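A short write-up of the structure that comes next.
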Amino acid sequence: MSSAAPPADPAAAAAAAQAAAAAMLQFTIEAFTLLSIGIAVTMLRTYARIKAVGIRNLQADDYLVWVGATFYAVETGLAYSVGAVAHGLANNGMTDEQRVALSPDSEEYRIRVIGSKIQIAGWSSYSVLLWALKASLLVFYLRLTAGLARTYLIRIYIGFGLLLASFIVILMNLFLGCRPLHRYWQINPDPGNVCQPALSNQVIWVYLSMNVITDLYLISIPVPMLWQSSLKPVKKFGLIILFSGGLFVVACAILRCALIVTDPVNGAQLAGSWAVRETFVAVVTTNLPMVFPLIKVWLGPVFGSLMSTVRSQQKLTDKESKSDLRTFGGGSHQSWRRRGGPPTANPITNITFNESEERMVDEVKMQDLKGWTDTSTNGSAPTNNNIRKHVEVEVVSEARDDSPEDRRRNVVGDEENQQHGNFAFARGPRRSSYTGHAR
Numbered sequence: 096m097s098s099a100a101p102p103a104d105p106a107a108a109a110a111a112a113q114a115a116a117a118a119m120l121q122f123t124i125e126a127f128t129l130l131s132i133g134i135a136v137t138m139l140r141t142y143a144r145i146k147a148v149g150i151r152n153l154q155a156d157d158y159l160v161w162v163g164a165t166f167y168a169v170e171t172g173l174a175y176s177v178g179a180v181a182h183g184l185a186n187n188g189m190t191d192e193q194r195v196a197l198s199p200d201s202e203e204y205r206i207r208v209i210g211s212k213i214q215i216a217g218w219s220s221y222s223v224l225l226w227a228l229k230a231s232l233l234v235f236y237l238r239l240t241a242g243l244a245r246t247y248l249i250r251i252y253i254g255f256g257l258l259l260a261s262f263i264v265i266l267m268n269l270f271l272g273c274r275p276l277h278r279y280w281q282i283n284p285d286p287g288n289v290c291q292p293a294l295s296n297q298v299i300w301v302y303l304s305m306n307v308i309t310d311l312y313l314i315s316i317p318v319p320m321l322w323q324s325s326l327k328p329v330k331k332f333g334l335i336i337l338f339s340g341g342l343f344v345v346a347c348a349i350l351r352c353a354l355i356v357t358d359p360v361n362g363a364q365l366a367g368s369w370a371v372r373e374t375f376v377a378v379v380t381t382n383l384p385m386v387f388p389l390i391k392v393w394l395g396p397v398f399g400s401l402m403s404t405v406r407s408q409q410k411l412t413d414k415e416s417k418s419d420l421r422t423f424g425g426g427s428h429q430s431w432r433r434r435g436g437p438p439t440a441n442p443i444t445n446i447t448f449n450e451s452e453e454r455m456v457d458e459v460k461m462q463d464l465k466g467w468t469d470t471s472t473n474g475s476a477p478t479n480n481n482i483r484k485h486v487e488v489e490v491v492s493e494a495r496d497d498s499p500e501d502r503r504r505n506v507v508g509d510e511e512n513q514q515h516g517n518f519a520f521a522r523g524p525r526r527s528s529y530t531g532h533a534r
């Protein structure tokens, strides 16, 4: 026996069925398209990591993202089942009279029970999926901040503790909030809002609060480090946006909960639809910091020519604007003004993610940097005497023939360059080591 009276107009019933079928088709296309993109992004991340460090050197976060991808596929299948199998029904959205009138032997009763169980399974897969992705980010941060101040390591360990505690809280709330457990799919009598998994306020708000707290904490680890760095403003804000992807997950989670709470009738269908969208954003934003360098390399040839042209013009402009020639090692105390800003506590000047995702500063590991300093060309700090080195360069050219007399006229000590043909390359005078005096 149905919980609602059938429409008196057959045409209206047919139109409603057609609209429901169209909505289901649209959701199916969307859900599995997002799943395909999410799996592709995860595969791309794994490819980038294997290419960088080899398959034997993959770390825990490389496996945790696949745990998340697996449960993302499970969650998508469950969300599809909400509409395809349960027809958007669960043990919610019924009056007391409808619950009494619905026979336990009816097809609708069976579908509502199955729909309620799908909701429980959906919340479970949602939990494992999101918290596995959060854990993978923390493991990645361990490598990203290796060698920096110990405060970063302490904050990451606090993040692991927060993640574990919040995971226990959401699971206990889900499986112990409604006892006995079978009340989650009870139809009659009404089990109450707490035992309606599609739109239980207790389940929804506990998940939302734990999700928001953990995401905001994860963002608070790398963003301050980037904000205090010496990076150019464009690169700095770009990386901050890259590591702030959790904000999009938070926004999706809030929107999902608001829609479910305000629409108790279609709550089951909305829960499945927005769970898929939210977790898709989580999968992409978690993998993006690892995939972005690979995409940058692939797109390098496309924009390389344009960037080379811009840089060449900039160098020409800089050369024309110089009034005197500054020799190597002749920096002054004001040189930091030409380098983009004053020294900071976090001297990040060029950040890339290589084999171990260590910060690289002009090909120097950040762990090896003791502080910001205005270095000379050989990497040593300038002395108080502000030594300048003059190097005179002379270009010697001569035609070469095979006569012994011409061979004797070749530049002494230029045996290597003489092998190249008619020209001896530009060479400077030989220099010996010195201390305290310029030559």
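In this text, residue positions in the sequence shown follow my numbering: the first is 96, and each later residue adds one. All residues carry an ideal CB built from backbone N, CA and C; glycine is no exception. Just so we're clear, the structure is a prediction, and the values are computed from it rather than from any experiment.
{"Query": "To the nearest angstrom, how far is it from the Cα of Ser427 to the Cα of Leu326?", "Result": "In this prediction, Ser427 has a pLDDT of 43, which is less than 50 and means its spatial position is unreliable; what the coordinates show is noted afterwards. So the alpha carbons of these two residues sit roughly 21 Å apart."}
{"Query": "How would you label Ile150, buried or exposed, when you count the other beta carbons within 10 angstroms and need 16 or more for buried?", "Result": "exposed"}
{"Query": "Can you check which of these residues, Trp280, Phe255, Leu237, is closest to Ser295 by C-alpha distance?", "Result": "Trp280"}
{"Query": "Does Ser304 come out as helix, strand or coil in the three-state DSSP assignment?", "Result": "helix"}
{"Query": "Classify Asp104: buried if its beta carbon has 16 or more other beta carbons within 10 angstroms, exposed otherwise.", "Result": "exposed"}
{"Query": "Only counting runs of 4 or more residues, tell me where the alpha helix (DSSP H) segments fall wholly within the stretch 97–168, in order along the chain.", "Result": "105–148"}
{"Query": "On the three-state DSSP scale, how would you describe Ser324?", "Result": "strand"}
{"Query": "Could you tell me whether the stretch 368–382 touches the stretch 212–232, using the rule of 3 or more Cβ pairs below 8 Å?", "Result": "yes"}
{"Query": "Would the stretch 285–303 and the stretch 261–272 be scored as touching if the rule is three or more Cβ pairs under 8 Å?", "Result": "yes"}
{"Query": "Measuring only the C-alpha atoms, how far is Arg205 from Arg351?", "Result": "27 Å"}
{"Query": "If you reduce the DSSP assignment to three classes, tell me which class Ser219 lands in.", "Result": "helix"}
{"Query": "Between Leu334 and the rest of its own chain, which residues show a CB-CB distance below 6 Å, the 5 nearest in sequence each way excluded?", "Result": "Leu321"}
{"Query": "Thr137 and Lys229 - do their beta-carbons sit closer together than 8 Å?", "Result": "no"}
{"Query": "Along the chain, where does the alpha helix (DSSP H) containing Arg351 start, and where does it finish?", "Result": "341–357"}
{"Query": "Comparing C-alpha positions only, which one of Ser324, Asp157, Leu130 sits nearest to Val169?", "Result": "Leu130"}
{"Query": "Here's the rule I'm using: 16 or more other beta-carbon atoms within 10 Å means buried, otherwise exposed. How should Trp393 be labelled?", "Result": "exposed"}
{"Query": "With a threshold of 6 Å on Cβ separation, who are the neighbours of Arg250 within its own chain once the five nearest residues in sequence on each side are excluded?", "Result": "Ile316"}
{"Query": "Tell me whether Arg274 sits in a helix, a strand or coil according to DSSP, three-state version.", "Result": "coil"}
{"Query": "So, is Met171 buried or exposed, given that buried needs 16 or more other C-beta atoms within 10 angstroms?", "Result": "The question names Met, yet the displayed sequence has Thr at residue 171. By the neighbour-count rule (16 or more Cβ atoms within 10 Å), Thr171 is buried."}
{"Query": "Taking the alpha carbon of Phe255 as the reference point, which residue from Tyr236, Phe270, Cys273 has its own alpha carbon closest?", "Result": "Tyr236"}
{"Query": "Near Gly341, which residues of its chain fall below 6 Å by C-beta distance, leaving aside the five closest residues on each side in sequence?", "Result": "Asp310, Leu313, Ile314"}
{"Query": "State yes or no: is the beta carbon of Ser131 nearer than 8 Å to at least one beta carbon in chain B?", "Result": "Going by chain labels, chain B is absent from the structure shown, which holds only one protein chain."}
{"Query": "Just to confirm my understanding: we take Ala216, look at its own chain, exclude 5 residues before and 5 after, and list those with CB closer than 6 Å. What are they?", "Result": "Leu173"}
{"Query": "Thr165 to Ala106, Cα distance in whole Å?", "Result": "43 Å"}
{"Query": "By how many angstroms is the C-alpha of Val318 removed from the C-alpha of Ile124?", "Result": "36 Å"}
{"Query": "Taking 8 Å as the cut-off, decide whether the C-beta atoms of Ser368 and Phe127 are in contact.", "Result": "no"}
{"Query": "With burial defined as no fewer than 16 other Cβ atoms inside 10 Å of the residue's Cβ, what is the status of Phe338: buried or exposed?", "Result": "buried"}
{"Query": "By DSSP, does Leu184 sit in helix, in strand, or in coil?", "Result": "coil"}
{"Query": "Can you name, in chain order, every residue of its own chain whose Cβ lies under 7 Å from the Cβ of Ser176, other than the five neighbours on each side?", "Result": "Ile213"}
{"Query": "What does the Cβ neighbour count give for Thr140, buried or exposed, with the cut at 16 atoms within 10 Å?", "Result": "Before going on, a small fix: residue 140 reads as Arg here, not Thr. Label assigned to Arg140: buried."}
{"Query": "According to DSSP, simplified to helix, strand and coil, what is Ser198?", "Result": "coil"}
{"Query": "From this set, Ser220, Leu365, Asn382, Leu383, which residue's C-alpha is nearest Tyr187's C-alpha?", "Result": "The sequence as given places Asn at residue 187; Tyr does not occur at that position. Checked all of Ser220, Leu365, Asn382, Leu383; the closest Cα to Asn187 is Leu365."}
{"Query": "Buried or exposed: where does Tyr247 fall if 16 or more other Cβ atoms within 10 Å of its Cβ makes it buried?", "Result": "buried"}
{"Query": "Return the Cβ separation of Val378 and Tyr167 in integer angstroms, given the expectation that the two are a contact with Cβ distance under 8 Å.", "Result": "6 Å"}
{"Query": "Does DSSP put Pro292 in a helix, a strand or coil?", "Result": "coil"}
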